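Chains V and F, in that order, are what the protein sequence lines are. 834 is the number of the first residue of the first sequence in this note's numbering; add one for each residue after it. 47 is the number of the first residue of the second sequence in this note's numbering; add one for each residue after it. Heads up, the beta-carbon is just placed ideally off N, CA and C, and yes, glycines get one too. Quick caveat: nothing in here was measured; it's all calculated off a predicted structure. Data first, discussion second: the structure below is written as structure tokens.
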Amino acid sequence: GAGVSQSPSNKVTEKGKDVELRCDPISGHTALYWYRQSLGQGLEFLIYFQGNSAPDKSGLPSDRFSAERTGGSVSTLTIQRTQQEDSAVYLCASILGTGRFYGYTFGSGTRLTVV
Amino acid sequence: ILNVEQSPQSLHVQEGDSTNFTCSFPSSNFYALHWYRWETAKSPEALFVMTLNGDEKKKGRISATLNTKEGYSYLYIKGSQPEDSATYLCASHTGGFKTIFGAGTRLFVKA
Numbered sequence: 834g835a836g837v838s839q840s841p842s843n844k845v846t847e848k849g850k851d852v853e854l855r856c857d858p859i860s861g862h863t864a865l866y867w868y869r870q871s872l873g874q875g876l877e878f879l880i881y882f883q884g885n886s887a888p889d890k891s892g893l894p895s896d897r898f899s900a901e902r903t904g905g906s907v908s909t910l911t912i913q914r915t916q917q918e919d920s921a922v923y924l925c926a927s928i929l930g931t932g933r934f935y936g937y938t939f940g941s942g943t944r945l946t947v948v
Numbered sequence: 047i048l049n050v051e052q053s054p055q056s057l058h059v060q061e062g063d064s065t066n067f068t069c070s071f072p073s074s075n076f077y078a079l080h081w082y083r084w085e086t087a088k089s090p091e092a093l094f095v096m097t098l099n100g101d102e103k104k105k106g107r108i109s110a111t112l113n114t115k116e117g118y119s120y121l122y123i124k125g126s127q128p129e130d131s132a133t134y135l136c137a138s139h140t141g142g143f144k145t146i147f148g149a150g151t152r153l154f155v156k157a
């Protein structure tokens, strides 16, 4: 597609429920990242996918978080048993190359509110 | 621990004022420095990608400089307009693909 598409744009869920956030990156971008921004904080790295390599999951805050990327394209971030501290804007970004010449293209984000 | 710091956290200026913000980043293992503009309810948009010490980039009324030896970058906006109101993020790459973002500088431009 022309840009990075994320869905849903807003999600309100009850504490303890599971949620799935979806990201459709730009076609041809081999690298895909998930970040989140909690209120008043910077962007926090969550996970990175590059081509067919094993993802870098070092930013996932707990084992309740998981992500997959199917067919080198669409990615799903799953949060199980959501907690109030999971409330944040979850941003997906894809990038052409390594970041030395091009910046990220971000999606518009999913605002997750856990009540 | 890598830390990217931006100052000030927020800034209120009048239309027509020129302004600048600072991004400080670890100078070791430097690979690239990005600046993004993030308007409310929109996606962050890449402004500049900077790689060389002494780099200066310009886009319209916005420009940026880079000092990789001392680990800082400045973003300048000349003649601020209300449409410049946004959060300006910088991000440091160390070549390991785990980009570290600062918390941003929130700019408010009053007409």
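Check this for me: beta carbons of V:Val922 and V:Thr846, under 8 Å apart or not? With a cutoff of 8 Å on beta-carbon distance, V:Val922 and V:Thr846 are scored as not near each other.
Smallest Cα separation from F:Ile146: which of F:His80, F:Ala87 and F:Glu116? F:His80
Check this for me: beta carbons of V:Ser941 and F:Lys103, under 8 Å apart or not? Taking the C-beta atoms as reference points, F:Lys103 is found no nearer than 8 Å to V:Ser941.
Tell me where the beta strand (DSSP E) around V:Ser838 begins and ends. Ser838 to Ser840
Distance, V:Phe878 Cα to V:Glu893 Cα: The identity of residue 893 of chain V in the sequence shown is Leu, whereas the question assumes Glu. In a straight line, the C-alpha of V:Leu893 is about 8 Å away from that of V:Phe878.
F:Tyr122: contacting residues in chain V (beta-carbon distance under 9 Å): Under the 9 Å cutoff, chain V gives no residues; its nearest Cβ is about 18 Å from F:Tyr122.
On a Cα-Cα basis, can you pick out the residue from F:Ser64, F:Glu91, F:Phe71 and F:Tyr122 that is closest to V:Tyr935? The residue with the shortest Cα to Cα distance from V:Tyr935 is F:Glu91.
For F:Ser73, which residues of its own chain have a beta-carbon under 7 Å away from its beta-carbon, when the five flanking residues on both sides are left out? Thr114, Lys115, Glu116 and Gly117
Under 8 Å Cβ-Cβ, which residues of chain V neighbour F:Leu135? Gly875 and Leu876
Can you tell me the Cβ-Cβ gap for F:Pro54 and F:Thr140, rounded? I've got them flagged as a contact below 8 Å. Contact doesn't hold; Cβ gap of about 25 Å is too wide.
Residue from F:Thr133, F:Leu153 and F:Tyr120 whose Cα sits closest to the Cα of F:Arg83: Considering only alpha carbons, the answer is F:Thr133.
Please report how far the alpha carbon of F:Lys105 lies from the alpha carbon of V:Ser838, in whole angstroms. 26 Å
Is the CB of F:Tyr82 under 8 Å away from at least one CB in chain V? yes
Specify, as a first and last residue, the run of the beta strand (DSSP E) that V:Phe898 falls within. Phe898 to Arg902
What number of angstroms, rounded off, separates the C-alpha of V:Arg869 from the C-alpha of F:Ser64? 31 Å
What number of angstroms, rounded off, separates the C-alpha of V:Tyr866 from the C-alpha of V:Ser860? So the two alpha carbons sit approximately 14 Å from each other.
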